[in-house]
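K.L.:
With mature numbering (1 follows the signal peptide of the UniProt record, and there is no 0) applied, the sequence shown covers -32 to -1, 1 to 684.
Every residue, glycine too, gets a C-beta built ideally from N, C-alpha and C.
Everything numeric in this text was worked out from a predicted model, so none of it was measured.
Handing you a structure now.
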Amino acid sequence: MAFPGRGPRILATVMALCAAILALNAPAVSRAAEPPSLALTSEERAFLHEHPVLRMGVGVAFPPFQFVEKEAETRAFRGVAADTVKLLEARLGVRMEPVWDITFAEALQMGKTGGIDLYPCLSRTVERAEYLAFTAPYLSYPLVIVSRAYGPFIGAVEDLQGRKVAEVEALATISKVRNEYPGLALDYVFVADASAMLEAVSFGRAEACIVDLAVASYLINELGLTNLKVAAPTRWGDNPLSMAVPKDRAILAGILQKALASLTFEETDAIRQRWMGLGYSSLVSPVLFRRILWQGGGAVVLVVGVILWWNRRLHREVEVRTRAEEALRASEERMRSVVESSPMGMHFFKLEDDGRLVLTAANPAADDLLGIEHAKLLGLGIEEAFPGVAGTPVPEMYRQVARGETGMRSFEMPYKDRSIDGTFAVYVFRTGEGAATTLFADVSERRRMQDLMIQTEKMMSVGGLAAGMAHEINNPLGGMLLGVQVLKRRLTSDLPANEKVAAQAGCTFEDVRRYMERRDILPTLEAIREAGVRAAQIVSSMLEFSRKDAAGFAPARMEHLLDKTVDLCSSDYNLRRKHDFKSIRILREYDPVLPPLPCLENQLQQVFLNLLTNAAQAMAQTPSPTLTLRTAREEDRARIEIEDNGPGITQEVRKRLFEPFFTTKPVGMGTGLGLSVSYFIVVHHHGGTIDVESAPGAGTRFIIRLPLEQARADAA
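In structure tokens, the structure reads:
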């Protein structure tokens, strides 16, 4: 290639010479290559006899060279080194067993203390050479720098100055950097193994890592890390890997070297084919090639050897790079498929020079969650595309992430604009220079359930408190009502005892009566009595919080119970509360196949009565008041709805609707306990749920769900 005019002539001469030499040696080709004799010394054979089992330090996962495969309780040593070890076991007649469940650093330390006999795949460093003896390298692949595809430019090891670099603490890379780049300061992110090293770069916890190209290619394909690239080579070129033994077992290094030398080309090539797919056909065996060199003579054969070696090396490098690129492309396709099929919405933003954060892409889930096609929003700034975030810290947070001023951010926010209304969990992270990606999910229902759980806990706590307060209030309240009754009896009844006491006081009972009338004492006593009776009713309602009546469960048809309650309400005409139930139109939408429900009939009727009365009062000013009653089945539950077309309620009121003593009615028009008691009857006594849907001007709908089977809640 270096001599365009002479290349074809040289190649033709070389090929002719090779053909002639191969013809002379044709009989040798027909014989299978046999491994040479190990020629072990008596001391070496004695060592193997004394050590039939050799302990291997494998430590960290380093595929495809060596890694441990776990399934249930079994473990298996895998990789290039593992297959090579199997060949050596057959050659030497010993077993080589890994020491399981230790880190790579622990494996190296055990080599110093006698706990490890050999390391099947290890890179030589200055520090390791102090206590380990190495064989000649039997594997060699280049060390490269891997970074994110859209990360900052990295062209050499020097460009890693001050950057976060993921590494396994015990690997040789750190020693190489420390000894050959003494002034280079790297911000190391230490991880457990090579997989975690590449994931740290992919997920943004580190900016780069230095790793063997074969390891990177294998793991990027296995893990689907499509956003990684080989950023640059290192000046170290190929990273030679050897077997190593503690120096006090140096004799074993010689044994292993002889065994490695005995491996045939076909054996080692088969291992490479299996784990790296970098195999190549062998036209000439090593023995025959040495014979060719001997018979062919010096210069020409040397040229042939150099050309073949160089071409093979180039072929390997090109094939490795091609396979890595193909693996990356396949991973990108898989990642694209993941993005397209992800249930979480994804938005991709680009920070323009003028500071605008522009929407550039989105996935289908984003359109489904928001109910709007992202194609209509492409090219718009974030405040234009999503006006609900304008005036909030969200756009500036996104810009900071895109500029790299902050790491990944996550938050939860309510969002509302002209077409979107909900609560979303959002994750935003940097995906390149001036680029940010958001993942989001609609958590409105989850938030509603959390609020419901909090409300339930609050109601249960208040229920216990209300029961205690009710018992404490009941005693003095009873005494007060009894005292009022005695006063009225002694001041209004024409009893002989009353007249006698009046006479003893120097007046008639009629004088006492006239005095009370002029001083309004009797109306005052009646007001005290009414207030006491009202307080007693409140106490009675409070006791409903803790009352347990599971023994009264009996089947009842919900439509019959609703109709009975409507009949009861129809006799209610209250000028003070300004409602007439008879003037309300009743619509019934009952499910005819809904079975009877086991329930406490009186308690459920109280719930329906509270809801119907509240609805009637709410519709007092509605021109055509209408109540809709519905029943239906939802899997293993019954659904009962009571809906009115009244003025509706605000979100703030809706949040507090079931709190004890909370009411929006004027003083004297309600105790604020009706819905609280209803809540406890449905949830606490029947194991059901009660929800409300309403908005100002849109009416109100209460939804009760009760189990079809008897559900005496544990809390009841």
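Among Leu76, Gln589 and Thr93, whose alpha-carbon lies nearest the alpha-carbon of Gly667?
P.N.:
Gln589
K.L.:
Is the stretch 579 to 599 touching the stretch 610 to 628, taking contact as three or more C-beta pairs under 8 Å?
P.N.:
yes
K.L.:
What's the gap between the Cα of Leu8 and the Cα of Val274?
P.N.:
33 Å
K.L.:
Counting pairs of beta carbons, one from the stretch 181 to 190 and one from the stretch 80 to 94, are three or more of them closer than 8 Å?
P.N.:
no
K.L.:
Assuming residue 702 is part of the beta strand (DSSP E), what are its boundary residues?
P.N.:
Beyond the ends of the chain as shown, which are -32 and 684, falls residue 702; an answer cannot be given.
K.L.:
Should His439 go down as buried or exposed, given a rule of 16 or more other Cβ atoms within 10 Å for buried?
P.N.:
exposed
K.L.:
Helix, strand or coil for Thr71, going by three-state DSSP, please let me know.
P.N.:
coil
K.L.:
Using only the alpha-carbon positions, how far apart do Ile223 and Glu12 sit?
P.N.:
7 Å
K.L.:
Determine, using beta carbons only, whether Leu338 and Asn207 come nearer to each other than 8 Å.
P.N.:
Between Leu338 and Asn207, the C-beta gap is not smaller than 8 Å, which leaves the two residues out of contact.
K.L.:
Out of Leu181, Asp237, Glu175 and Thr52, point me to the one whose CA is closest to Arg291's CA.
P.N.:
Arg291 has its Cα closest to that of Leu181, out of Leu181, Asp237, Glu175 and Thr52.
K.L.:
Scan the stretch 581 to 651 and note each continuous alpha helix (DSSP H) run of 4 residues or more that stays entirely inside, going in chain order.
P.N.:
DSSP runs (the alpha helix (DSSP H)) wholly in the stretch 581 to 651: 619 to 623 and 642 to 647.
K.L.:
Where does the unbroken beta strand (DSSP E) through Phe45 begin, and where does it stop?
P.N.:
Thr42 to Arg46
K.L.:
I need the straight-line Cα distance from Met314 to Ile84, nearest angstrom please.
P.N.:
50 Å
K.L.:
Beta-carbon within less than 7 Å of Ala29's beta-carbon, same chain only, minus the 5 sequence neighbours each way: which residues are those?
P.N.:
Phe35, Val36, Asp161, Ala162 and Ser163
K.L.:
Run through DSSP, which three-state label would Ala174 get?
P.N.:
coil
K.L.:
Kindly indicate which three-state DSSP category residue 685 falls into: helix, strand or coil?
P.N.:
Limits of the chain in this structure are -32 at one end and 684 at the other, which puts residue 685 out of reach.
K.L.:
Check whether the stretch 225 to 235 touches the stretch 275 to 283, counting contact only when three or more Cβ pairs, one atom from each stretch, lie closer than 8 Å.
P.N.:
no
K.L.:
Would you give the residue range spanned by the beta strand (DSSP E) that Gly222 belongs to?
P.N.:
It is not in any beta strand (DSSP E) - Gly222 instead sits in the alpha helix (DSSP H) that spans Ala218 to Ala229.
K.L.:
Could you spell out where the alpha helix (DSSP H) holding Ile552 opens and where it closes?
P.N.:
Careful: Ile552 lies outside any alpha helix (DSSP H) and carries neither H nor E.
K.L.:
Please name the residue, chosen from Cys475, Arg414 and Val501, that lies closest to Gln453 on a Cα-to-Cα basis.
P.N.:
Val501
K.L.:
So what's Ala117 in DSSP terms, helix, strand or just coil?
P.N.:
It is coil, neither helix nor strand.
K.L.:
Chain D beta carbons: is any one of them nearer than 8 Å to that of Met381?
P.N.:
No chain D is part of this structure, which consists of one protein chain only.
K.L.:
Let me make sure I understand the geometry here. Which of Ser646, Ala298, Arg481 and Val621 has the alpha-carbon closest to that of Thr661?
P.N.:
For clarity, residue 661 is Glu in the given sequence; the question names Thr instead. The candidate whose alpha carbon is nearest that of Glu661 is Val621.
K.L.:
Do the CB positions of Leu455 and Pro563 come within less than 8 Å of each other?
P.N.:
no
K.L.:
Between Glu175 and Lys144, how many whole angstroms is the CB-CB distance? I'm expecting something under 8 Å.
P.N.:
Wrong, their Cβ atoms sit about 19 Å apart, outside the cutoff.
K.L.:
Can you tell me the Cβ-Cβ gap for Ala606 and Leu568, rounded? I've got them flagged as a contact below 8 Å.
P.N.:
That pair is no contact at about 15 Å.
K.L.:
How about Ala221 and Phe33: do their beta carbons lie closer than 8 Å?
P.N.:
no
K.L.:
Could you give the distance in angstroms between the alpha-carbon of residue 757 and the alpha-carbon of Ser646?
P.N.:
Residue 757 lies beyond the residue range present for the chain, which begins at -32 and ends at 684; the question has no answer from this structure.
K.L.:
To the nearest angstrom, report how far apart Ile672 and Thr328 are at their CA atoms.
P.N.:
45 Å
K.L.:
Whole-angstrom Cβ separation of Leu445 and Arg497, contact assumed at under 8 Å?
P.N.:
So it is not a contact: roughly 12 Å between Cβ atoms.
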